[in-house]
Ligand SMILES: Cc1ncc(C[n+]2csc(CCOP(=O)(O)OP(=O)(O)O)c2C)c(N)n1
Ligand SMILES: [Mg+2]
């Protein structure tokens, strides 16, 4: 089962390693990882996605809280959070095909950001699932290069109060 | 009855230091140690840590430094001190090999939740990452085995870092904290003041058990017919042994004490059921397995206690009280979790329970206690005194001969450790110091030295194996040079006995690489070469005399007990087996008819 964790940490050297090593020691592969600044200069937010059992993720969350530099951990689901990822993709595009591909890309929110003699580069900021669909559509044209940032997530306002209490079962 | 605790209930050694002003980072480290009330530390100097050692010689201070012979010894001595006193142990090593030699004791301290502050030298900042001479990525190597670590990159951070390090090591669930200090930083100067307070955003260790959960737990105990207190080393770390005694007295139910908790509740107390698990007693394991309620107190359902998890205490509801939320429902689902300090939770639980009692709402546990008593009476630990000298006999003689003395025991890891746990009677907290989680051979000698340096007036006995002893025997030099009279009792069976036992039972007696040699080295001569007293006993008749001679000599001492190499530790729950089904000597199997 896939889980998205949003980990608020102190912005200090070595913190990412401490967090990542909790997953590595269990043999869990981090499928997506995004680290960046937050509303406060001395905090960073690590958003990561792993595939593991619910029991494992509960255990990892508790272990994360034991790291001195970790301030807050939230597990998010697609239902209660907005999830976005940025993708850059360069696709083969002969001049005659350009118009077709660009129109297709618009359906997925893809925007042209570079044009080469036989290629186009798109950027898209979407839900990760949409990006996968976009990628599938581009494949027949020939994808030359692709990079994604790893997903970031933020809880929706409506669920802010009803936020799952599962993470706080501990009395 | 209340357990007498010779250690102050909540040791707070911190002193207000008056030292302030301009000084080097190295001197600042010493002032930090003074401010934390550190009276002793253990270590070995080297290039990267030289500024600190220079400061030890240059400035006047109150921190005694003990020069050891191997950094592993420094770490285990700091552990022995910490476990005996409940205070933070401090050890020091240089960069590279000094640091890597500290890995084993730090991992040991991590698994057994022992408070340590570990100081390592590091190569100068401009060389970090260049594979410089004696460079190791120390914070990287230690990351998974410390509670927290610091690489100091600004000399002005030293006071804050140490204030935090001691705070983190000693509060919440205790553990080792590493402070890695590059050489150039130690040589720079700062204007020193020690912070009064400590503010760590992501660290809030002091928790109060939720009152509703405490009430629910009291209700569950009241309603239960077959409750057991399952007590772990957390009780010692929480300095809550008196609170435990009061609680146990109030609820009057059997108390199981894990290896780490031995002594946390007096072994001779009528309610004490003692050691559960792989080499625990039948009655302790049956008590756990037949219980309808486990009141888990600072214990963690370790596999050496539970055996196969699915079959462990199948009919029991679980109350789990721990300061560490990560232990709750880790191995066994907790029906009533309580996260909080035992020193607060246990009295609250006692009060809640007494309230129910005053309302006459307690279900009788009489039958259950009678049942446990019957098991205890019919199935004690036993061994046969035939053939060569038995370790169990030696344990019984230590137990009986020194019963009136204040004795701290340490152990190595192996058969002798299990027999020590089975046969010694420990009546006071912090008087049985063993490597439980990591199972570190070589722990006994230095741990005994550390404990003895904490309490010079007590008798300290290290119950060691011949294999274990050889792993840290060089610390006899430390013992002799500081005149630390701990007794190192080697239960010399000439084998890596515990491994041999597994080979005999589970590997068709293929004794692959487990034969040592009882005569290699000659332990008496080895002791003498170090300037220690060397004694030997080969028969039962000789045992009492050497024990008394060793105790009365007040000198560092090694006793070579020549014991049966073929004796096995029983009963035994085979690894991964159900702890309700123990195996035993063929002659001691009549219990099967009682089998649970
Ligand atoms: C450092 C280390 N290496 C290996 C082991 C595995 N091991 C566990 S018990 C044991 C044998 C210990 O032999 P000895 O000290 O003679 O004790 P005995 O079991 O004979 O009483 C070994 C090798 C260990 N626990 N620690
Ligand atoms: Mg041996």
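Protein chains in written order, with the working numbering: chain A, 12 to 182; chain B, 1126 to 1721.
The beta carbon of each residue, even a glycine, is placed where N, CA and C say it ideally should be.
Note that the structure is a prediction, hence the values are computed from the model and not measured.
- Note on residue 1608(B): under 16 other CB atoms within 10 angstroms of its CB, so exposed under the neighbour-count rule.
- Its chain contains 1347, 1348, 1349 and 1350 as the residues whose beta carbon lies nearer than 8 Å to that of residue 1488(B), once the 5 sequence neighbours on both sides are disregarded; these appear in chain order.
- In this structure, the C-beta of residue 1668(B) stays at least 6 Å away from each heavy atom of ligand 1.
- Under DSSP, the beta-bridge partners assigned to residue 125(A) are 132(A).
- Within the stretch 1309-1342 of chain B, the residues whose Cβ lies closer than 8 Å to any Cβ of chain A are, in chain order, 1325, 1326, 1327, 1328, 1334, 1335, 1337 and 1338.
- Taken through DSSP and simplified to helix, strand or coil, residue 1355(B) comes out as strand.
- Taking the C-beta atoms as reference points, residue 1250(B) is found nearer than 7 Å to residue 1309(B).
- DSSP places residue 1651(B) in the uninterrupted alpha helix (DSSP H) bounded by 1648-1654.
- Bridge partners of residue 165(A) according to DSSP: 93(A).
- Within the stretch 25-36 of chain A, contact with chain B at the beta-carbon level (separation under 7 Å) is assigned to 25, 28, 29, 32 and 36.
- Of the candidates 1211(B), 1655(B) and 1553(B), the residue whose Cα lies closest to the Cα of residue 1387(B) is 1553(B).
- Three or more Cβ pairs drawn from the stretch 1398-1411 of chain B and the stretch 1425-1441 of chain B lie within less than 8 Å of each other, which places the two stretches in contact.
- Residue-level contact check: residue 1273(B) touches chain A, since one or more beta carbons of chain A fall below 7 Å from its beta carbon.
- Within chain B, the residues 1272, 1273, 1293, 1325, 1327 and 1328 have their CB atoms less than 8 Å from the CB of residue 79(A), given in chain order.
- Put simply, the stretch 127-139 of chain A does not touch the stretch 21-34 of chain A. Fewer than three CB pairs are less than 8 Å apart.
- Annotation: residue 107(A) has no Cβ neighbours in chain B at a cutoff of 9 Å; minimum Cβ distance is about 52 Å.
- Counted as a single uninterrupted DSSP element, the alpha helix (DSSP H) harbouring residue 1541(B) occupies residues 1540-1548.
- In terms of Cα proximity to residue 1217(B), the closest of 1637(B), 1169(B), 1512(B) and 1572(B) is 1169(B).
- The stretch 1153-1227 of chain B contains, as complete alpha helix (DSSP H) runs of 4+ residues, the segments 1175-1183, 1196-1210 and 1222-1226 (chain order).
- For residue 21(A), the C-beta contacts it makes with chain B under 7 Å involve 1326 and 1327, in order along the chain.
- Minimum Cα-Cα distance from residue 1462(B) among the listed residues 1450(B), 1469(B), 1473(B) and 1612(B) corresponds to 1450(B).
- Apart from the 5 residues on each side of it in sequence, residue 1297(B) sits with its Cβ closer than 6 Å to the Cβ of 1330 and 1448 in its chain, given in chain order.
- Under DSSP, residue 17(A) takes part in a beta bridge, and its partners are 58(A) and 85(A).
- Looking only at 15(A), 93(A) and 40(A), the smallest Cα-Cα distance to residue 167(A) is reached by 93(A).
- Contact between the stretch 21-30 of chain A and the stretch 50-61 of chain A is present: three or more C-beta pairs spanning the two stretches fall below 8 Å.
- Here DSSP, grouped into helix, strand and coil, assigns residue 1292(B) to helix.
- For residue 82(A), the nearest CB of chain B lies under 7 Å from its own CB, placing it at the interface with that chain.
- Within chain B, the residues whose beta carbon sits less than 8 Å from that of residue 76(A) are 1450 and 1451, listed in sequence order.
- Under the DSSP assignment, residue 47(A) falls in the beta strand (DSSP E) whose first and last residues are 41-48.
- Rounded to whole angstroms, the gap between the alpha carbons of residue 1465(B) and residue 1653(B) is 50 Å.
- Between residue 73(A) and chain B, the shortest Cβ-Cβ separation is below 7 Å.
- Within the same chain, Cβ atoms closer than 6 Å to the Cβ of residue 1656(B) are found at 1605, the five residues on either side in sequence being excluded.
- Judged by their CB atoms, residue 1380(B) and residue 1390(B) are nearer to each other than the 7 Å cut-off.
- If the five residues before and after residue 1358(B) are omitted, its C-beta is found closer than 6 Å to the C-beta atoms of 1385 and 1386, all from its own chain and listed in chain order.
- Around the Cβ of residue 1300(B), a 10 Å sphere holds 16 or more other Cβ atoms; the residue is buried.
- Between residue 1163(B) and residue 1215(B) a beta carbon distance of about 5 Å is seen, short of the 8 Å cut, so the two are scored as contacting.
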